[in-house]
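Colleague: According to UniProt numbering, the sequence shown is numbered sequentially starting from 1.
In this text, a Cβ means the ideal position worked out from N, Cα and C, and glycines have one as well.
As the structure is a computational prediction, the values presented were derived from the model and not from experiment.
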Amino acid sequence: MFKREAEGDSSMTISAQVIDTIVEWIDDNLHQPLRIEEIARHAGYSKWHLQRLFMQYKGESLGRYIRERKLLLAARDLRESDARVYDICLRYGFDSQQTFTRIFTRTFNQPPGAYRKENHSQTH
Numbered sequence: 001m002f003k004r005e006a007e008g009d010s011s012m013t014i015s016a017q018v019i020d021t022i023v024e025w026i027d028d029n030l031h032q033p034l035r036i037e038e039i040a041r042h043a044g045y046s047k048w049h050l051q052r053l054f055m056q057y058k059g060e061s062l063g064r065y066i067r068e069r070k071l072l073l074a075a076r077d078l079r080e081s082d083a084r085v086y087d088i089c090l091r092y093g094f095d096s097q098q099t100f101t102r103i104f105t106r107t108f109n110q111p112p113g114a115y116r117k118e119n120h121s122q123t124h
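1. Can you tell me where the alpha helix (DSSP H) holding GLY113 begins and where it ends?
2. Please return the same chain residues whose Cβ sits closer than 7 Å to the Cβ of THR101, not counting the five positions on each side in sequence.
3. Short of 6 Å in beta carbon distance, which residues of its chain neighbour TYR57, apart from the five on each side in sequence? Order them along the chain.
4. Using only alpha-carbon positions, find the residue among ALA75, ARG106, GLY44, TYR86 that is nearest to LYS117.
5. In terms of residue numbering, what span does the alpha helix (DSSP H) encompassing LEU90 cover?
6. Helix, strand or coil for THR13? Go by DSSP, reduced to three states.
7. Going along the chain, which residues of its own chain have a beta-carbon closer than 8 Å to the beta-carbon of ASP87, five neighbours each way excluded?
8. Hey, how far is the Cα of GLN51 from the Cα of ARG64?
9. Check this for me: beta carbons of ILE66 and LEU90, under 7 Å apart or not?
Shown next, in the form of structure tokens:
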């Protein structure tokens, strides 16, 4: 899927193009469960090779990239919507509200509820 799409432009290496295509696809699919094994299968690479390529071209692990993108969208939802924290954690595929809260707190230095109180938009 990704390899064929990336073969057009010779100014970038095929691997860099594949990674850029994968990043675009991930960003378009953050509202669904994303498993590295599935992404690798669609890309036509082994899980291990894809993760090495991703680290080489993006400087971070594929899993970390996905998690951070989902957390940024969850933070946006906390700021801009009245959706329950539980619903937001499910929307971005976290296993439980406890897991979401732990990871969110580690990333933003405060739990989701406190983050919302401090940053919630008053426009809706």
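Modeller: Inspection of the coordinates gives the following:
1. Within the sequence shown, residue 113 is the residue found at index 113, counting from 1. Its alpha helix (DSSP H) spans residues 112-119.
2. Sequence index remark: in the sequence shown, residue 101 carries index 101 (1-based). Once the five neighbours on either side are set aside, the close Cβ partners of THR101 are PRO111, PRO112.
3. Reading the sequence shown from its first residue, position 57 is the one you call residue 57. ALA16, ILE19, listed in sequence order.
4. The residue given as residue 117 occupies position 117 in the sequence shown. Selected option, being the one with the closest Cα: ALA75.
5. Your numbering for residue 90 matches position 90 in the sequence shown. First-last of the alpha helix (DSSP H) with LEU90: 85-91.
6. Within the sequence shown, residue 13 is the residue found at index 13, counting from 1. In the structure shown, THR13 sits in coil (DSSP, three-state: anything other than H, G, I, E or B).
7. On the sequence shown, position 87 is the one that residue 87 refers to. So no residue of the chain qualifies.
8. On the sequence shown, position 51 is the one that residue 51 refers to. On the sequence shown, position 64 is the one that residue 64 refers to. Answer to the nearest angstrom: the Cα atoms are 11 Å apart.
9. Taking the first residue of the sequence shown as 1, we reach residue 66 at position 66. Taking the first residue of the sequence shown as 1, we reach residue 90 at position 90. For ILE66 and LEU90, no; Cβs fall outside 7 Å.
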